[in-house]
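Let me begin by presenting the structure, written as structure tokens, before commenting on it.
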Amino acid sequence: MKIDKGTSVAVVINRHWANLQGVRMFLRPEKDIGGADESHVVFARMLDSEDRNGLWIELNTAKHKENSTVKRFSFLIPWSQILSVVVGEDDFSPDIRDQARKIGFG
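My numbering puts the sequence shown at residues 9 to 114.
As structure tokens, then:
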């Protein structure tokens, strides 16, 4: 399924992969990514959903809106590390993000 560029997505990824040092330094460098199971959720903007190697997303979009000095990154998640993709009509609400944090995704 093609997902339009700029669409708000929640990508559920393999937590072991997310905790690899080279990956985590872009996702959350300050600490290990924990949780109740082997998944992790990344909220982002879609860049390219049709690359045969994986899903391209933009990281730090929300942080950049709050503080323009925060750098945004284009980030490829290999298909083999993606468990699910949730497409939002608009940005995901603060309630959904808070729920994700409460269960260990934040």
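A virtual CB, placed ideally from N, CA and C, is assigned to each residue, including glycine.
Would you grab the beta carbon distance between residue i and residue j for me? Rounded to a whole angstrom, and I think it's under 8 angstroms.
| i | j | result |
| --- | --- | --- |
| L63 | K13 | 12 angstroms between Cβ atoms; not a contact. |
Figure out for me which residue from the options has the closest Cα to the Cα of residue i.
| i | options | result |
| --- | --- | --- |
| A44 | F51, G30 and N22 | N22 |
| N138 | F83, V50, E74 and N68 | There is no way to answer for residue 138, as the model of the chain reaches only from 9 to 114. |
| I66 | N75, L91, F51 and D59 | Checking the sequence shown, residue 66 turns out to be Glu, not Ile. Ranking N75, L91, F51 and D59 by Cα distance to E66 puts F51 first. |
| V20 | I41, Q29 and S47 | S47 |
| R53 | D59, I41, K39 and N68 | N68 |
| V94 | W25, P37, V49 and S88 | V49 |
| L35 | D59, T15, K71 and M9 | K71 |
Mark residue i as exposed unless 16 or more other C-beta atoms lie within 10 angstroms of its C-beta, in which case mark it buried.
| i | result |
| --- | --- |
| V17 | buried |
| E97 | exposed |
| Q29 | exposed |
| A26 | buried |
| M9 | exposed |
Are the CB atoms of residue j and residue i within a distance shorter than 7 angstroms?
| i | j | result |
| --- | --- | --- |
| S57 | I85 | no |
Any Cβ of chain D within less than 7 angstroms of the Cβ of residue i?
| i | result |
| --- | --- |
| V78 | Given the protein chain composition of this structure (a single chain), no chain D is represented. |
Under the criterion of a Cβ to heavy atom distance below 6 angstroms, does residue i qualify as lining the ligand ADP?
| i | result |
| --- | --- |
| I90 | Summarising the ligand content, the structure contains no ligands, and the ligand ADP is consequently not present. |
Which parts of the stretch 44 to 87 are runs of the alpha helix (DSSP H), unbroken and 4 residues or longer, counting only runs that do not cross its ends? 69 to 74
Length-filtered (4 minimum) alpha helix (DSSP H) runs lying within the stretch 10 to 36: 23 to 26 and 29 to 35
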